[in-house]
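Protein chains in written order, with the working numbering: chain A, 1 to 467; chain B, 1 to 212.
Built from N, CA and C at the ideal position, the CB exists for glycine as well.
Since we're looking at a predicted model, the values are computed, not measured.
Next comes the structure, spelled out in structure tokens:
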């Protein structure tokens with residue numbers, strides 16, 4: 001019998017019950033909750049006179065609606081305010097721990113989970129948010145769910161699931177200088193497409209993945225959903241364990257030793273068989289820039305906007321044509337040199353301390369170009385912000401002309417006041433370049449933090465490796 | 001949840017691949033704390049020429065005459081014909097809520113994004129996967145034939161064209177059972193409470209830190 005994949009190990013450890021057709025009741029260890037996808041779930045619980053099975057397994061934080069400017073006056077938009085207040089009230093009523101807007105631990109749900117040790121190896125982690133795949137970086141099975149399932153997990157601590165197919169994405173070799181986990185993620189999506197991972201759980205492996213920090217692994221797993229995969233994961237190694245040790249919610253003492261003994265088994269066996277294997281050479285990956293309205297519409301900084309006439313199918317030709325029209329780009333335009341109006345450094349993809357260090361490293365001693373209307377840095381959490389300030393990163397950004405903001409999801413999806421105006425072009429470290437994602441009519445180009453900072457200072461996209 | 005048994009519905013074709021949930025229901029409408037009322041804002045940025053915000057009276061909006069949902073011939077459609085990877089992106093269940101509220105009860109596409117596909121079944125919407133070449137043909141037939149309808153039978157797992165051709169489709173047996181009967185998932189799961197409790201007792205020994 002062949003060995004097991006990491007996915008199979010995680011799955012097997014959480015099986016509560018299996019129906020005749022293979023549908024499995026899977027136990028959920030950690031439930032992350034935010035204000036946008038939970039109000040209707042709590043309402044459903046109340047209507048059915050139910051209570052959470054394990055309030056201690058849930059943790060809540062407001063992130064999508066929160067302002068990134070001065071918060072002392074609360075949230076100006078009454079509809080956003082009501083949604084956050086509803087989360088506060090529901091958590092208070094049901095005894096769920098919440099890091100409220102004025103708590104230093106508040107931040108993007110996918111940043112605070114790992115930061116607090118609420119996300120641990122071997123866990124099943126869910127959240128009413130597609131970017132829950134982020135937590136798979138810890139050797140956890142983590143995936144996004146809808147609001148009906150948020151209610152289901154609150155009521156039962158379980159979910160009905162069928163096993164996914166497994167795909168190993170193997171990235172061997174060494175990344176070049178100035179090339180980051182974000183570039184790996186975009187290169188993979190460029191390779192397999194935005195639906196390439198549909199129905200699969202992705203495992204990222206190979207020397208280039210093992211060399212990544214936890215922040216890098218989180219960036220990579222975060223983007224698994226942009227390849228269509230609900231879950232992305234990386235095997236546990238010493239990097240994982242070193243990151244987890246000493247976090248507020250991490251185990252200690254004998255429980256720590258017991259945990260580490262199990263965590264050290266959380267990797268695919270050498271003879272494990274995957275349904276699909278994709279291989280990339282890290283040394284060949286260049287800084288990536290998206291040019292269209294889907295993350296798969298991506299090329300390198302040295303590439304050009306493609307010609308729809310060269311599209312591989314009629315449907316794609318149609319999509320590319322529409323994307324170029326929306327993006328206001330002509331086929332054949334070199335990517336380096338496309339001017340940008342706004343810069344957004346943040347989001348659950350790229351707002352952790354390492355991301356800010358990378359961006360600050362580029363911004364240091366430079367100025368944001370006068371043609372750029374706004375360059376903003378939004379740390380992923382209050383603690384990331386505090387750490388960055390202790391390292392002086394905020395001063396580097398402010399001196400260069402960036403705005404230094406309060407933590408939240410911000411302009412990744414523009415549910416708060418931070419957004420693009422119609423026609424504005426943005427270099428963004430977020431995860432989705434969909435039409436209207438950052439504001440109606442806004443044009444998003446996805447890049448790494450270093451590339452975003454370089455674009456801010458140049459006023460257009462530029463190869464950070466030679467900047 | 002409303003059951004889905006059979007449907008004989010007018011078809012509206014949305015000829016675009018990778019339709020994401022941001023397009024199905026834009027973010028500003030996600031601020032609602034309710035489950036209902038999203039229908040008027042389904043595909044808001046494509047459907048209207050003016051910018052939509054929560055609370056606007058749909059009667060005062062400027063419909064985009066070039067968007068397919070606004071074509072008079074598709075008024076009252078309950079079957080959405082779509083392309084590959086429909087419903088990709090965000091996990092927002094507001095997307096199926098908006099489709100359902102608008103009156104869409106079935107979606108036919110060559111492929112769906114996983115989370116969206118799953119969310120449909122929780123809301124009485126049947127997502128049907130048909131082969132890309134078949135979907136292509138349905139698009140052509142729909143364009144050629146005003147008033148084009150499809151008859152869907154979940155129990156038989158068939159989509160029947162006006163010409164009488166029955167196209168089979170696959171659906172997971174558990175999901176089919178729940179949708180046919182409009183069953184509440186949570187109620188079914190709670191029947192397994194003893195097993196959940198037994199799992200937790202085992203797990204408290206094997207992994208006590210998860211219960212600290």
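Exercise for the section: Pull up the DSSP beta-bridge partners for residue 9/B, would you. Expected result: Answer is 150/B, bridged to residue 9/B.
Exercise for the section: Could you check the C-alpha separation between residue 336/A and residue 304/A for me, to the nearest Å? Expected result: Taking the Cα positions, residue 336/A is about 8 Å away from residue 304/A.
Exercise for the section: Scan the region 213 to 267 of chain A and note each continuous alpha helix (DSSP H) run of 4 residues or more that stays entirely inside, going in chain order. Expected result: Segments of the alpha helix (DSSP H) lying fully in the region 213 to 267 of chain A: 214 to 222, 238 to 244, 253 to 263.
Practice task
Have a look at residue 220/A and residue 71/A and give me their C-alpha separation to the nearest angstrom.
Solution key: Roughly 31 Å between the two C-alpha positions.
Handout entry: Partner residues on chain B for residue 413/A, Cβ-Cβ distance less than 7 Å
Key = Chain order gives the chain B residues near residue 413/A as 27, where near means a beta carbon separation below 7 Å.
Practice task
Kindly list, in the order they appear in chain B, the residues whose Cβ is closer than 9 Å to that of residue 242/A.
Solution key: Going along chain B, no residue has its Cβ under 9 Å from residue 242/A, so there is no contact; the nearest lies around 17 Å.
Handout entry: Same chain only: Cβ atoms within 7 Å of residue 424/A, ignoring 5 sequence neighbours per side
Key = Excluding residues up to 5 positions away in sequence, 341, 342, 442, 443 lie with their Cβ nearer than 7 Å to the Cβ of residue 424/A in the same chain.
Problem - Proximity test, Cβ basis, 8 Å: residue 194/A and chain B - result: Judged by the 8 Å Cβ criterion, residue 194/A is in contact with chain B.
Exercise for the section: Kindly say whether residue 71/A, judged by its beta-carbon, lies nearer than 8 Å to any beta-carbon of chain B. Expected result: No, because no Cβ of chain B sits closer than 8 Å to the Cβ of residue 71/A.
Exercise for the section: Anything in chain E within Cβ reach of residue 158/A, meaning under 8 Å, just list it in chain order. Expected result: The displayed structure is made up of protein chains A and B, and chain E is not among them.
Exercise for the section: Rank 168/A, 394/A, 401/A, 356/A by C-alpha distance to the C-alpha of residue 369/A and give the top, closest one. Expected result: Per the Cα distances, 401/A.
Problem - Secondary structure of residue 458/A, DSSP reduced to three states - result: Helix at residue 458/A.
Problem - Range covered by the beta strand (DSSP E) that runs through residue 127/B - result: Element bounds for residue 127/B: 126 to 129.
Problem - Neighbourhood of residue 147/B by C-beta distance below 8 Å, restricted to the same chain and skipping five residues each side - result: In the same chain as residue 147/B, and ignoring 5 residues on each side of it, the C-beta atoms closer than 8 Å to its own belong to 10, 73, in chain order.
Problem - residue 476/A classed as buried or exposed, judged by whether at least 16 other C-beta atoms fall within 10 angstroms - result: Coverage of chain A is limited to positions 1 through 467, which leaves residue 476/A absent and any answer about it impossible.
Exercise for the section: Could you check the C-alpha separation between residue 197/B and residue 42/B for me, to the nearest Å? Expected result: Rounded to the nearest angstrom, the two C-alpha atoms are 41 Å apart.
Exercise for the section: Kindly give me the distance between the Cβ atoms of residue 67/B and residue 97/B, rounded to whole angstroms, as I take these residues to be in contact under 8 Å. Expected result: 20 Å between Cβ atoms; not a contact.
Problem - residue 285/A and residue 183/A closer than 8 Å at C-beta - result: Yes, the Cβ-Cβ distance between residue 285/A and residue 183/A is below 8 Å.
Exercise for the section: Would you please verify whether the beta carbon of residue 89/A is less than 8 Å from any beta carbon of chain B? Expected result: No, its Cβ sits nowhere closer than 8 Å to a Cβ of chain B.
Problem - Under the three-state DSSP convention, the category residue 286/A falls into - result: Looking at residue 286/A - three-state DSSP - the assignment turns out to be coil, as it is neither helix nor strand.
Problem - Beta-carbon proximity of residue 216/A to residue 194/A, cut-off 8 Å - result: For residue 216/A and residue 194/A, no; Cβs fall outside 8 Å.
Practice task
Establish whether the CB of residue 277/A and some CB of chain B are separated by less than 8 Å.
Solution key: Not one chain B Cβ lies under 8 Å of residue 277/A.
Practice task
Kindly list, in the order they appear in chain B, the residues whose Cβ is closer than 7 Å to that of residue 201/A.
Solution key: Neighbours of residue 201/A on chain B: none; closest Cβ ~10 Å, over 7 Å.
Practice task
May I ask you to list, following chain order, the residues of the region 100 to 131 of chain A that have a beta carbon less than 9 Å from some beta carbon of chain B?
Solution key: Closer than 9 Å at the C-beta level to chain B, one finds these residues of the region 100 to 131 of chain A: 120, 122, 123, 127, 128, 129, 130, 131.
Problem - Local Cβ density within 10 Å of residue 434/A, reported as buried at 16 or more and exposed below that - result: Residue 434/A comes out buried.
Exercise for the section: Within its chain, find whatever has a CB closer than 8 Å to the CB of residue 162/A; leave out the 5 residues flanking it on each side and keep chain order. Expected result: Once the five neighbours on either side are set aside, the close Cβ partners of residue 162/A are 22, 23, 24.
Exercise for the section: Identify the contact partners of residue 315/A in chain B, using a Cβ-Cβ distance below 8 Å as the criterion. Expected result: Correct list: 17, 83, 84.
Handout entry: Per DSSP, cross-strand counterpart(s) of residue 299/A
Key = 289/A, per the DSSP bridge assignment.
Exercise for the section: Leaving aside the five residues before and after residue 276/A along the sequence, list all residues of the same chain whose C-beta is less than 6 Å from its C-beta, in chain order. Expected result: So the list reads 167, once near-sequence residues are dropped.
Problem - Exposed unless 16 or more other CB atoms sit within 10 angstroms - verdict on residue 236/A - result: By the C-beta density criterion, residue 236/A is buried, having at least 16 other C-beta atoms within 10 angstroms.
Practice task
Could you tell me whether the Cβ atoms of residue 63/A and residue 107/A are closer together than 8 Å?
Solution key: Yes, the pair counts as a contact, with Cβ atoms nearer than the cut-off.
Exercise for the section: Go through the region 128 to 192 of chain A residue by residue and report every complete run of the beta strand (DSSP E) that reaches 3 residues or more, in order. Expected result: DSSP runs (the beta strand (DSSP E)) wholly in the region 128 to 192 of chain A: 141 to 144, 158 to 161, 165 to 172.
Exercise for the section: Give the secondary structure of residue 376/A by DSSP, where H, G and I count as helix, E and B as strand, and everything else as coil. Expected result: Three-state DSSP puts residue 376/A in a strand.
Handout entry: Start-to-end residues for the alpha helix (DSSP H) that takes in residue 180/B
Key = Looking at the DSSP string, the run of the alpha helix (DSSP H) that includes residue 180/B is 173 to 181.
Exercise for the section: Sort 299/A, 203/A, 153/A, 227/A by Cα distance to residue 272/A and report the nearest one. Expected result: The candidate whose alpha carbon is nearest that of residue 272/A is 203/A.
Practice task
Using a threshold of 8 Å, state whether the C-beta atoms of residue 214/A and residue 239/A are closer than that.
Solution key: It is a contact, given that the beta carbons lie within the stated cut-off.
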